[in-house]
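J.: To start, I am sharing the structure in question, which I have written as structure tokens.
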Amino acid sequence: MSKLSKTILARYKNARHYLSSLQETFKNGYPAKKMIVIGVTGTDGKTTTSHLIYEILKANKFKVALISTVGAWGPQGFIDTGLHTTTPDATVLQPMLKKFLDAGVTCVVLEVTSHGLDQHRVLGCNFYSGVLTNVSHEHLDYHKTFENYRQAKAMLFRGVKLAVLNKDDKSYEFFKRITFKKARVVSYSTLGLASVKATNITEKSTLLTFLASDNGVGYQIKTPLIGRYNVSNILASIGLTRALGVDWKTIQKVLSQFSGISGRMEYIKTRPYSVIVDFAHTPNALNQLLTTLQTKLPPKGRLITVFGCAGERDRSKRPLMGGISGKLADISIFTAEDPRSEDVNEIIMQMVKGARGAKTTEVKQVSYLDHLEGGTDSPPKDGHVFVREPDRGKAIGLAIKTAKSGDIVVICGKGHEKSMAFGKTEIPWSDQDAAQKALTAK
């Protein structure tokens, strides 16, 4: 298909989404107009931030619902929103908002993607507030350029009354500039002056602590939500909920009990070595995750990664992620992750290019397995290495078989997801189940 044909097709699809959203909005009585709708967007951290906001508002007696990557929650309980779905299509979203409204919900927290904004899926959501986590390299297969990607995110902020923005992000000034001029802007930062800021950040194995402050008054935060990068997600949730009138005591209590959500820094095993499942699937998220895990390694501990890159998605990030793992992990095992119609081995080859650029050495499976089983060959030697294993189950098994006391095995990319896409078929899959199976077999 030519470039022009693809452009015409994309515009047709977006026009179809636009009309569908209009139809669904009015068909369901424009439910968002009668509620406070909070949109949370960004490259990484959207889901955690959305859940934090939801839990804090719920604890403050807001009649609140949540729609996120993991699913939706309302007065009726959990609602499955489908596979690989963050922002549902309007044919699902608007009826869901109506059900929430009919059940007495007054506030909805909605995780919003750049695709959802660009395709007008959230047209008619009448956002009261927009929250930005961060903007980095992602979805360039769809948006083509970083600027297009950023402009899609910006659509959320053009009509809001309240914008919560990450002052540490390189795009802060851009988003502040495009935000609706009558909107209140709340900034947050871990580095300097902001409406809400964090200082004295310390992290132990199971506890993250810091001093959060707004208007010059500091409050001690203690939370089991580990990972220094989560300080920014927490600050975003504080900035939003404080602006809506939630007291600090409620915020502190919720954070003290919030340990995270499925597939985000989820520990499957902690001793004598750790096994973790995480959703990190962007260069920025992988870099932050591995940098955090490096600080948790004992002197002789090794960091072992298992991950792939999705097929029919942003190809430009594949060597970037291979290079990040090659640089930060002692052992990288490259494998499948929703290859769809692409050849898994071709995807891995692109990751390998990045790993080699990071001066990481490839270890052949035969030699590597021989080493694990006590053979004469003895890789890996000093320095970082990578192994190719296209079968994700075998890759996870290989990583866990490799692990010794003090090591950390982190399985990235799938997180909470319960399927893996091969061609147009969704195969049941769980990284958590695969890890448990490998642990049992070891």
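Just so it is clear: in the sequence shown, position 119 is 119 by UniProt numbering, and no numbers are missing.
We treat Cβ as the ideally placed atom computed from N, Cα and C, and that holds for glycine.
Using only the alpha-carbon positions, how far apart do Gly124 and Leu22 sit?
T.: One C-alpha to the other measures close to 7 Å.
J.: Distance cutoff 8 Å, beta carbons only. Does Gly357 sit that close to anything in chain C?
T.: The structure shown contains no chain C; it holds only a single protein chain.
J.: Which first and last residues belong to the alpha helix (DSSP H) in which Val105 is found?
T.: That residue, Val105, is in no alpha helix (DSSP H); it is neither H nor E in DSSP.
J.: Less than 6 Å between C-beta atoms, sequence neighbours within five positions excluded: which residues of the same chain meet that for Ala163?
T.: So the qualifying residues of the chain are Gly130, Phe157, Thr179, Ala183, Val185.
J.: Can you tell me where the beta strand (DSSP E) with Ile78 in it begins and where it stops?
T.: One point to set straight first is that residue 78 is Phe, not Ile, in the sequence displayed. Start and end: 77–79.
J.: Which residues bound the beta strand (DSSP E) around Lys197?
T.: Per DSSP, Lys197 belongs to the beta strand (DSSP E) from 196–203.
J.: With distances taken between CB atoms, is the gap from Ser237 to Leu66 smaller than 8 Å?
T.: Contact: no.
J.: Figure out for me which residue from Gly74, Pro95, Pro283 has the closest Cα to the Cα of Asn28.
T.: Among Gly74, Pro95, Pro283, the Cα nearest to that of Asn28 belongs to Pro95.
J.: Go to Gln119, then tell me how far its alpha helix (DSSP H) extends in each direction, as first and last residue.
T.: Note, Gln119: premise wrong, no alpha helix (DSSP H); not H, not E.
J.: Measure from the alpha carbon of Thr41 to the alpha carbon of each residue in Ala358, Phe127, Asp278, then state which is nearest.
T.: When each option's Cα is compared against that of Thr41, the closest is Phe127.
J.: Use the C-beta contact count for Leu290: other C-beta atoms within 10 angstroms, 16 or more gives buried, fewer gives exposed.
T.: Result: buried.
J.: Quick check: the Cα distance between Leu354 and Arg313, rounded to an integer number of angstroms?
T.: As written in the sequence, residue 354 is Gly, which differs from the Leu given in the question. Cα to Cα, the separation comes out at about 17 Å.
J.: Is it buried or exposed, Leu83, if we count other Cβ atoms within 10 angstroms and call 16 or more buried?
T.: Exposed: under 16 other Cβ atoms inside 10 Å.
J.: Which residues in the same chain as Thr206 place their Cβ atom closer than 7 Å to its Cβ, once the five residues preceding and following it in sequence are excluded?
T.: Cβ within range, chain order: Pro224, Ile226.
J.: With distances taken between CB atoms, is the gap from residue 443 to Ala434 smaller than 8 Å?
T.: Because the chain is modelled from 1 through 442, residue 443 falls outside the range shown and cannot be assessed.
J.: Where do the N-terminal and C-terminal ends of the alpha helix (DSSP H) with Ser237 fall, by residue?
T.: Note, Ser237: alpha helix (DSSP H), 230–243.
J.: Need the endpoints of the beta strand (DSSP E) that Trp73 sits in, please.
T.: From DSSP, the beta strand (DSSP E) with Trp73 extends over 71–74.
J.: Using 8 Å for Cβ pairs, my map puts Ile304 next to Ala329. What's the rounded Cβ distance?
T.: 7 Å between Cβ atoms; contact.
J.: For Val363 and Val385, which I take to be in contact (beta-carbon distance under 8 Å), what is that distance rounded to the nearest angstrom?
T.: At roughly 5 Å, the Cβ-Cβ gap stays under 8 Å, so Val363 and Val385 are in contact.
J.: Using DSSP with H/G/I as helix, E/B as strand and the rest coil, what is Pro95?
T.: Note: Pro95 maps to helix in three-state DSSP.
J.: Any idea which residues DSSP pairs Gly218 with across the strands?
T.: Ser213.
J.: Could you give the distance in angstroms between the alpha-carbon of Ser274 and the alpha-carbon of Gly301?
T.: So the two alpha carbons sit approximately 10 Å from each other.
J.: Could you compute how far the alpha carbon of Gly393 sits from the alpha carbon of Lys414?
T.: Cα to Cα, the separation comes out at about 13 Å.
J.: Quick check on this structure: which residue in Lys424, Thr43, Cys412 has the alpha carbon closest to the alpha carbon of Asn284?
T.: Measuring from the Cα of Asn284, the nearest candidate turns out to be Thr43.
J.: From the DSSP output, read off the bridge partner residues of Tyr54.
T.: Answer is none; Tyr54 lacks a bridge partner.
J.: Please report how far the alpha carbon of Phe279 lies from the alpha carbon of Asn230, in whole angstroms.
T.: The alpha-carbon atoms of Phe279 and Asn230 are separated by roughly 14 Å.
J.: Between Val112 and the rest of its own chain, which residues show a CB-CB distance below 7 Å, the 5 nearest in sequence each way excluded?
T.: Correct list, in chain order: Gly39, Val40, Thr41, Thr87, Val122, Leu156.
J.: Who are the near neighbours of Gly375 in its chain, counting only those whose CB is closer than 7 Å to its CB and skipping five residues on each side?
T.: Caution applies to Gly375, whose pLDDT of 49 falls short of 50 and renders its modelled position unreliable; the value that the coordinates give is listed next. Counting only Cβ-Cβ distances below 7 Å, and skipping sequence neighbours, we find nothing.
J.: Only counting the same chain, and skipping five residues up and downstream in sequence, which positions put a Cβ closer than 6 Å to that of Met1?
T.: Residue confidence for Met1 is low, a pLDDT of 49 falling below 50, so the modelled location carries little weight and cannot support an answer.
J.: Express the C-alpha separation of Gly245 and Ile251 in angstroms, rounding to a whole number.
T.: Near 11 Å, if we compare the C-alpha coordinates of Gly245 and Ile251.
J.: Just to confirm the assignment, what range does the alpha helix (DSSP H) spanning residue 447 have?
T.: Past the edges of the chain, shown from 1 to 442, lies residue 447, and the structure says nothing about it.
J.: Where do the N-terminal and C-terminal ends of the alpha helix (DSSP H) with Ala355 fall, by residue?
T.: It spans 344–357 - the alpha helix (DSSP H) in which Ala355 sits, taken as one unbroken run.
J.: Do you know offhand how far Lys46's Cα is from Gly357's?
T.: Spanning the two alpha carbons is a distance of roughly 31 Å.
J.: Out of Leu193, Gly311, Val254, which one is the CA nearest neighbour of Phe422?
T.: Here the closest residue by C-alpha is Gly311.
J.: Let me know the secondary structure DSSP gives Tyr188 once reduced to three states.
T.: Strand at Tyr188.
J.: Cα separation between Val37 and Ser430?
T.: If you take the alpha carbons of Val37 and Ser430, they lie about 32 Å apart.
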